[in-house]
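Worksheet: one structure, shown below.
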Amino acid sequence: MSVTPYMIKKLGVISIAKFCGVLGIIWGLVVGIFMMLGIGGIAAAMGRGALGAGIGIVGLIIMIIVGAIAGFIGGAILAIIYNIVLGAIGGIEMDLEVKA
């Protein structure tokens, strides 16, 4: 197997933003589930189980949406900054192995 050197000169801003947006959806889902369970539990303890379940579901949906938007915007900003830094230092060198 031979090792071929490559250099990363630029990252696609939209590509990185989409990837981070998907990670944000996953993060929002996980955090939203914990938030939903917490709100539902507190509301059930107060005798308002149905209201707590409704608020918990709305919170879950909001966390997923916020996670997607924050992930997309954060990924875009990260890629832009990364491209500026790469322009200043000349890129990142990688050695990739050719798989037979």
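Note that my numbering numbers the sequence shown so that position 37 is 38, with each residue one more than the last. The C-beta atom is built at its ideal place from N, Cα and C for all residues, glycine as well. Keep in mind it's a predicted model, so treat the numbers as computed, not measured.
- Quick one: is I40 buried, meaning 16 or more other Cβ sit within 10 Å of its Cβ, or exposed? The sequence position of residue 40 within the sequence shown is 39, counting from 1. Label assigned to I40: buried.
- Within 10 angstroms of the Cβ of L61, are there 16 or more other Cβ atoms? Answer buried if so, exposed if not. Position 60 of the sequence shown, counted from the first residue, corresponds to residue 61. Buried.
- Query: V4 by DSSP, collapsed to three states: which one?
  - Reply: Here the question's residue 4 lines up with position 3 in the sequence shown. Three-state DSSP puts V4 in a strand.
- Note the first and the last residue of the continuous beta strand (DSSP E) segment covering L79. Numbered from 1 along the sequence shown, position 78 holds the residue referred to as residue 79. Here L79 belongs to no beta strand (DSSP E); instead the alpha helix (DSSP H) covers G50 to I90.
- Query: What is the DSSP secondary structure of L97, reduced to helix, strand or coil?
  - Reply: Your numbering for residue 97 matches position 96 in the sequence shown. Look at L97 here: in three-state DSSP terms it is strand.
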